[in-house]
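Numbering (my numbering), first residue to last: 8 to 424. Below: one structure, written as structure tokens.
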Ligand SMILES: [Zn+2]
Ligand SMILES: [Zn+2]
């Protein structure tokens with residue numbers, strides 16, 4: 008027997024249907040806010056992520072799936088969506104053509120980490136990126152959209168945690184303060200963190216080791232290293248959030264494990280605990296760092312598994328569709344032919360699924376039982392007697408009631424099913 012790889016899963020039809028329905032609603036929210044879709048490849052050059060997400064980050068150093076291709080180029084399965092989108096926008100001159108472009112994407116991402124409930128190695132993300140606006144109200148709008156989409160997902164109650172990482176100058180100052188603090192307890196830190204202390208002290212804040220976490224609890228908060236313009240900006244973001252009724256909680260220990268963030272960062276935490284269900288932030292320097300012209304940007308992404316498949320809105324699949332069931336006299340195929348032709352005719356005229364029984368020659372009762380198992384709501388029965396009379400029986404598989412229809416009235420009646 009074969010099994011799906013650890014940390015991957017099969018999206019079965021009931022779940023796929025919920026996912027599709029959620030996506031339609033989420034995309035409608037986004038399109039009404041001026042977003043357009045973008046799709047980038049699943050594989051990229053590995054160095055794209057070294058430069059943007061950061062070599063010192065856990066995502067790049069520990070979790071990325073990388074492999075040499077047949078020409079020995081080092082490739083990566085994308086661990087996140089932002090860097091590839093920035094790469095694509097620079098490559099296709101999008102920032103010149105549309106300086107304030109708004110994009111959304113949807114697709115699988117890959118990270119080799121320890122699978123947990125709702126966390127997979129191949130996971131689906133829906134994300135958005137807003138380019139070309141530095142304004143504080145854009146941050147608030149972004150958080151508002153995120154909240155609206157999460158409500159559509161039926162995630163249950165959640166809280167947006169917010170922080171400001173300041174500009175690059177603020178971050179450098181904070182890095183020094185943090186390094187000074189950690190230097191005193193250097194011997195107690197894990198090996199990774201001792202390395203991070205040299206290269207990028209901020210990354211120690213992502214460490215999952217218990218001892219490091221404990222030491223860092225007493226670390227100086229980043230807000231004490233924030234410059235006045237960055238502080239003012241953050242206050243403004245909060246003011247606009249209040250205006251739109253976005254509920255948030257300030258968490259001054261929140262840093263995101265990616266190097267490209269500046270100023271506003273956020274995570275959405277479900278009230279019932281667990282990992283973040285969505286996260287994002289501002290990355291005003293990334294486009295420039297990757298070789299594009301200076302373009303401020305903000306974005307977020309969320310993992311659909313956490314949002315959808317553990318959500319409280321788990322619904323029974325609804326019965327729907329019409330099954331065409333037929334029985335011919337021995338040696339004849341008149342009923343089958345009628346049903347077969349009607350199958351395609353109905354599919355052109357109505358939206359509900361229309362399927363033909365696959366139980367050739369089996370008793371009507373047997374075929375109806377199969378239709379019921381397949382979650383069909385109605386059956387249209389073509390028996391030998393009905394064929395003689397030019398009639399069809401419409402049976403409601405839920406209630407068991409049925410009615411005879413003239414073949415000529417059939418389509419009109421079925422439209423109401
Ligand atoms: Zn600053
Ligand atoms: Zn550590």
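Yeah, the Cβ is synthetic: ideal placement off N, Cα and C, and Gly gets one too.
Thinking C-alpha only, which one of the options is nearest residue i?
{"i": "residue 40", "options": "155, 56 and 74", "result": "155"}
{"i": "residue 265", "options": "79, 355 and 210", "result": "210"}
{"i": "residue 138", "options": "198, 303, 338 and 384", "result": "303"}
{"i": "residue 66", "options": "117, 13, 201 and 337", "result": "117"}
{"i": "residue 261", "options": "223, 196 and 373", "result": "223"}
{"i": "residue 15", "options": "373, 123, 159 and 417", "result": "123"}
{"i": "residue 136", "options": "163, 43, 71 and 171", "result": "43"}
{"i": "residue 356", "options": "329, 368, 343 and 397", "result": "329"}
{"i": "residue 37", "options": "193, 315, 149 and 59", "result": "149"}
{"i": "residue 339", "options": "384, 314 and 394", "result": "394"}
{"i": "residue 57", "options": "120, 90 and 280", "result": "90"}
{"i": "residue 336", "options": "390, 305 and 306", "result": "390"}
{"i": "residue 384", "options": "253, 212, 179 and 424", "result": "424"}
{"i": "residue 79", "options": "99, 52, 69 and 70", "result": "52"}
{"i": "residue 127", "options": "153, 310 and 415", "result": "310"}
{"i": "residue 199", "options": "216, 190 and 181", "result": "216"}
{"i": "residue 312", "options": "99, 106 and 115", "result": "115"}
{"i": "residue 218", "options": "194, 202 and 228", "result": "194"}
{"i": "residue 31", "options": "111, 230, 379 and 345", "result": "111"}
{"i": "residue 181", "options": "259, 197, 120 and 153", "result": "259"}
Is it the case that the CB of residue i approaches a heavy atom of ligand 2 more closely than 6 Å?
{"i": "residue 225", "result": "no"}
{"i": "residue 199", "result": "yes"}
{"i": "residue 214", "result": "yes"}
{"i": "residue 219", "result": "yes"}
Can you tell me whether residue i sits near ligand 1, meaning its C-beta is under 6 Å from at least one heavy atom of the ligand?
{"i": "residue 314", "result": "no"}
{"i": "residue 176", "result": "yes"}
{"i": "residue 288", "result": "no"}
{"i": "residue 237", "result": "yes"}
{"i": "residue 182", "result": "no"}
{"i": "residue 96", "result": "no"}
{"i": "residue 173", "result": "yes"}
{"i": "residue 166", "result": "no"}
{"i": "residue 234", "result": "yes"}
Let's test the definition: count the other Cβ atoms within 10 Å of the Cβ of residue i and tell me whether it reaches 16, buried, or not, exposed.
{"i": "residue 27", "result": "exposed"}
{"i": "residue 271", "result": "buried"}
{"i": "residue 8", "result": "exposed"}
{"i": "residue 250", "result": "exposed"}
{"i": "residue 10", "result": "exposed"}
{"i": "residue 92", "result": "buried"}
{"i": "residue 130", "result": "buried"}
{"i": "residue 234", "result": "exposed"}
{"i": "residue 74", "result": "exposed"}
{"i": "residue 170", "result": "buried"}
{"i": "residue 86", "result": "buried"}
{"i": "residue 61", "result": "buried"}
{"i": "residue 208", "result": "buried"}
{"i": "residue 256", "result": "exposed"}
{"i": "residue 232", "result": "buried"}
{"i": "residue 77", "result": "exposed"}
{"i": "residue 17", "result": "exposed"}
{"i": "residue 25", "result": "buried"}
To which residues of the same chain is residue i closer than 6 Å at the C-beta, ignoring the five residues directly before and after it?
{"i": "residue 320", "result": "Here residue 320 scores only 47 on pLDDT, less than 50, and its place in the model is too uncertain to base an answer on."}
{"i": "residue 206", "result": "63"}
{"i": "residue 113", "result": "133"}
{"i": "residue 190", "result": "none"}
Name the two residues that bound the continuous alpha helix (DSSP H) containing residue i.
{"i": "residue 56", "result": "53 to 56"}
{"i": "residue 394", "result": "391 to 396"}
{"i": "residue 223", "result": "217 to 224"}
On the DSSP letters alone, give me the boundaries of the beta strand (DSSP E) that residue i sits inside.
{"i": "residue 145", "result": "Run containing residue 145: none in the beta strand (DSSP E); it sits in the alpha helix (DSSP H), 143 to 160."}
{"i": "residue 289", "result": "285 to 289"}
{"i": "residue 166", "result": "165 to 171"}
{"i": "residue 136", "result": "129 to 138"}
{"i": "residue 273", "result": "271 to 277"}
Within the same chain, show all residues whose beta-carbon is closer than 7 Å to that of residue i, passing over the 5 residues directly before and after it, in chain order.
{"i": "residue 143", "result": "240, 243, 244 and 247"}
{"i": "residue 277", "result": "162, 163, 165 and 284"}
{"i": "residue 84", "result": "49, 50, 72 and 117"}
{"i": "residue 220", "result": "214"}
{"i": "residue 226", "result": "185 and 188"}
{"i": "residue 413", "result": "397 and 398"}
{"i": "residue 151", "result": "251 and 253"}
{"i": "residue 45", "result": "92, 95, 110 and 112"}
{"i": "residue 346", "result": "331, 333, 363 and 389"}
Note down, in chain order, each residue of its chain lying with its Cβ closer than 8 Å to the Cβ of residue i, except the 5 sequence neighbours on either side.
{"i": "residue 298", "result": "97"}
{"i": "residue 102", "result": "96, 108, 138, 139, 294, 299, 300 and 302"}
{"i": "residue 22", "result": "315 and 316"}
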